[in-house]
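To get UniProt numbering, take the position in the sequence shown, counting from 1, and add 20.
Since the structure comes first, as structure tokens, the remarks are kept for the end.
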Amino acid sequence: QGCLRSRIRFFDFHPTMADVRAEVLDGLSHPHKRLPPKLFYDQQGSRLFDAITELPEYYPTRTEIQILRAHGAAMAERLGRGCVLIELGSGSSLKIQTLLAVLQPRVYIPVDISKAHLLESAQALAERFPGLSIRAACADYSGPFELPLDPDWRDRAAFFPGSSIGNFDPNEARAFLKRVARVLGPGGRLLIGVDLKKARAVLEAAYNDAQGVTAAFNLNLLARLNRELGADFELDAFRHHAFFNEEASRIEMHLVSRCNQRVRVAGQVFEFRLGETIHTENSYKYGIQDFQRLARSAGFVSEQVWTDPKDLFSVHCLIV
Ligand code: AVJ
21 QGCLRSRIRF
31 FDFHPTMADV
41 RAEVLDGLSH
51 PHKRLPPKLF
61 YDQQGSRLFD
71 AITELPEYYP
81 TRTEIQILRA
91 HGAAMAERLG
101 RGCVLIELGS
111 GSSLKIQTLL
121 AVLQPRVYIP
131 VDISKAHLLE
141 SAQALAERFP
151 GLSIRAACAD
161 YSGPFELPLD
171 PDWRDRAAFF
181 PGSSIGNFDP
191 NEARAFLKRV
201 ARVLGPGGRL
211 LIGVDLKKAR
221 AVLEAAYNDA
231 QGVTAAFNLN
241 LLARLNRELG
251 ADFELDAFRH
261 HAFFNEEASR
271 IEMHLVSRCN
281 QRVRVAGQVF
291 EFRLGETIHT
301 ENSYKYGIQD
311 FQRLARSAGF
321 VSEQVWTDPK
331 DLFSVHCLIV
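Rendered as structure tokens:
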């Protein structure tokens with residue numbers, strides 16, 4: 021079917037339904053109930069996230085794009101023309117477009133957990149960049165993960181935008197960065213977007229938007245469990261709560277139970293007290309040097325860092 025399609029190869033390393041079920045039951049059995057933020061990104065969740073990126077309060081996406089537009093050519097030079105380019109959490113593959121024209125990768129490997137979204141985005145990208153060879157991989161990079169790489173492909177580079185690194189606690193982030201370093205090999209470069217620590221009011225507004233899109237995004241997690249695991253969460257019986265935890269330097273998102281209630285999930289019953297929460301996301305905020313220290317502890321050397329004029333967001337180029 022047409023030459024556009026033939027440039028996209030799809031690789032499915034997606035966790036199975038059984039994995040999702042086990043992780044959900046494990047998280048809800050914990051004394052402090054929690055669910056991993058990767059579960060946000062079903063098709064509906066990916067759509068809601070895209071809507072978040074356009075909110076007036078949510079500064080990270082537009083600020084990072086501003087930095088990429090201002091310095092994309094220099095960044096692409098560093099990553100190396102003609103490299104094998106891996107993007108982790110590629111989502112809609114919008115940010116990479118600021119680099120592709122200069123970078124001209126021999127192959128682009130978008131990796132995302134949201135399968136339908138990944139396929140749509142790869143399709144759209146292939147149409148915009150007809151010469152580009154794409155290997156789309158549906159995978160969960162929060163643990164060890166596979167990539168569709170040929171062993172003899174050297175000159176590897178990775179792009180990890182959006183401050184998704186902030187979803188990991190610092191120890192997990194270090195373990196993740198070590199895995200990326202191993203995939204890249206000596207001399208390989210990682211371009212990574214990291215949200216900066218800033219005034220509480222600015223941070224809290226970004227996760228409590230006036231239109232309630234972030235609340236809908238958070239609550240969609242329960243709707244998804246209802247759809248996919250036959251859970252019986254009453255969406256009105258939970259509310260979105262997001263705040264900046266200063267000591268830990270992270271935004272925390274929770275779903276707060278509005279009453280004492282019982283919920284059935286995949287055949288198991290869970291009790292919620294009034295005010296009890298499910299912790300659904302952490303989004304760590306770093307100082308530039310704090311992040312450089314973390315990267316060093318994972319085996320990277322920090323080569324360059326770019327920020328916006330207001331120092332809201334940073335993009336780091338790291339070398340293995
Ligand atoms: C995609 C994980 C970077 O933490 O800002 C946005 C996700 N959650 N609003 C973030 C998110 C609520 C986002 N990351």
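The beta carbon of each residue, even a glycine, is placed where N, CA and C say it ideally should be.
All values derive from a computational prediction rather than experimental measurement.
Whole-angstrom C-beta distance between residue j and residue i, which should lie under 8 Å
{"i": "I87", "j": "W326", "result": "5 Å"}
{"i": "E272", "j": "H299", "result": "7 Å"}
{"i": "L68", "j": "N280", "result": "Actually they do not touch by this definition, with Cβ atoms about 29 Å apart."}
{"i": "L249", "j": "R98", "result": "Rounded, the Cβ-Cβ distance is 44 Å, inconsistent with contact."}
{"i": "A226", "j": "E77", "result": "5 Å"}
{"i": "S112", "j": "D70", "result": "6 Å"}
{"i": "G205", "j": "G182", "result": "Wrong, their Cβ atoms sit about 24 Å apart, outside the cutoff."}
{"i": "A144", "j": "V122", "result": "A144 to V122, Cβ: 20 Å. No contact."}
Nonlocal neighbours in the same chain, by C-beta distance under 6 Å from residue i, ignoring five residues either side
{"i": "Q21", "result": "In this prediction, Q21 has a pLDDT of 42, which is less than 50 and means its spatial position is unreliable; what the coordinates show is noted afterwards. The answer is none, since no qualifying residue turns up."}
{"i": "E107", "result": "I116, P130, F179"}
{"i": "E323", "result": "C337, I339"}
{"i": "S162", "result": "K58"}
{"i": "P125", "result": "C103, L105"}
{"i": "R101", "result": "Q124"}
{"i": "F31", "result": "A157, P168"}
{"i": "G307", "result": "K217"}
{"i": "R54", "result": "G47, H299"}
{"i": "L138", "result": "D132, A156, C158"}
Per-residue burial, residue i [other beta carbons within 10 Å of its own, 16 or more giving buried]
{"i": "R174", "result": "exposed"}
{"i": "R202", "result": "exposed"}
{"i": "G109", "result": "buried"}
{"i": "P57", "result": "buried"}
{"i": "L255", "result": "exposed"}
{"i": "D39", "result": "exposed"}
{"i": "G232", "result": "exposed"}
{"i": "P176", "result": "Residue identity check: residue 176 is Arg in the sequence provided, not Pro. Under this definition R176 is a buried residue."}
{"i": "V200", "result": "buried"}
{"i": "E301", "result": "buried"}
{"i": "Q63", "result": "exposed"}
{"i": "N265", "result": "exposed"}
{"i": "A230", "result": "exposed"}
7 Å Cβ shell around residue i - same chain, five flanking residues per side excluded
{"i": "P35", "result": "D160"}
{"i": "N228", "result": "T234, A262"}
{"i": "F253", "result": "L242, L245, N246, V283"}
{"i": "A146", "result": "L24, R27, I28, L152, I154"}
{"i": "D328", "result": "T83, Q86, I87"}
{"i": "I72", "result": "Y78, V233, T234, F237"}
Interface flag, residue i vs chain D, CB-CB below 7 Å
{"i": "V325", "result": "Given the protein chain composition of this structure (a single chain), no chain D is represented."}
Cβ-heavy atom distance, residue i to the ligand AVJ, below 6 Å
{"i": "G182", "result": "yes"}
{"i": "I129", "result": "no"}
{"i": "T300", "result": "no"}
{"i": "I212", "result": "no"}
{"i": "N246", "result": "no"}
{"i": "I116", "result": "no"}
{"i": "S134", "result": "no"}
{"i": "S303", "result": "yes"}
{"i": "N228", "result": "no"}
{"i": "I308", "result": "no"}
{"i": "N280", "result": "no"}
{"i": "T234", "result": "yes"}
{"i": "N240", "result": "no"}
{"i": "N265", "result": "no"}
{"i": "I72", "result": "yes"}
{"i": "N187", "result": "yes"}
CA nearest to the CA of residue i, picked from the options
{"i": "P190", "options": "S317, V40, F31, S49", "result": "S317"}
{"i": "R148", "options": "L120, Y227, A251", "result": "L120"}
{"i": "L275", "options": "N265, F30, F258", "result": "F258"}
{"i": "A236", "options": "L48, Y61, E43, H50", "result": "Y61"}
{"i": "R284", "options": "Q309, N246, F320", "result": "N246"}
{"i": "V222", "options": "P171, A251, P80, E140", "result": "P80"}
{"i": "Y304", "options": "G250, F333, L249", "result": "F333"}
{"i": "P164", "options": "S153, A193, L145", "result": "A193"}
{"i": "K46", "options": "S153, V321, Q288", "result": "Correcting the residue type first, residue 46 is Asp in the shown sequence and not Lys. Out of S153, V321, Q288, Q288 has the C-alpha closest to the C-alpha of D46."}
{"i": "F188", "options": "E291, F311, A226", "result": "F311"}
{"i": "K330", "options": "G182, Q143, D215, R293", "result": "D215"}
{"i": "F33", "options": "A219, Y128, K135", "result": "K135"}
{"i": "N238", "options": "S66, S49, I185", "result": "S66"}
Residues near residue i by beta carbon distance below 8 Å, same chain, minus five either side
{"i": "M95", "result": "L88, L119, L211, W326, V335, C337"}
{"i": "F320", "result": "L197, A201, L210, L338, I339, V340"}
{"i": "A286", "result": "R41, V44, L45, L249, G250, A251"}
{"i": "H91", "result": "W326, V335"}
{"i": "R278", "result": "D256, A257, F258, R259, L294"}
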